[in-house]
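In the working numbering, the protein residues as written are 282 to 355.
The beta carbon of each residue, even a glycine, is placed where N, CA and C say it ideally should be.
Here's the structure we're looking at; comments come further down.
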């Protein structure tokens, strides 16, 4: 008998979901799949640079502000 929990719920970082929701609101070119595959700040920065054609330093600054001490590690 299963407990009804998803395979991800017991190992999810609570900050991660909040951060990904904020990323999706701020950078709307990201699909849910894109966001699910991002696990580090560096990956997020790289994807922002590619999707929005902005300088890495600007993306780093924006991500640093958004993260505010939180992390993306699942």
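Checklist entry - Within 10 angstroms of its Cβ, does residue 339 collect 16 or more other Cβ (buried), or is it exposed? => result exposed
Checklist entry - By Cβ distance, which residues of its chain are closer than 6 angstroms to residue 301, with the 5 residues on each side in sequence left out? => result 316
Next on the checklist: Out of 334, 333 and 321, which one is the CA nearest neighbour of residue 348?
Outcome noted: 321
Next on the checklist: Quick test of your reading: residue 297 and residue 353, contact by CB under 8 angstroms. State the CB separation rounded to the nearest angstrom.
Outcome noted: 6 angstroms
Checklist entry - Taking C-beta to C-beta, are residue 355 and residue 318 nearer than 8 angstroms? => result For the pair residue 355 and residue 318, the CB atoms are not nearer than the 8 angstroms cut-off.
Checklist entry - DSSP three-state call for residue 310: helix, strand or coil? => result Note: residue 310 maps to coil in three-state DSSP.
Item to check | Unbroken alpha helix (DSSP H) run spanning residue 327, endpoints | outcome: 322-333
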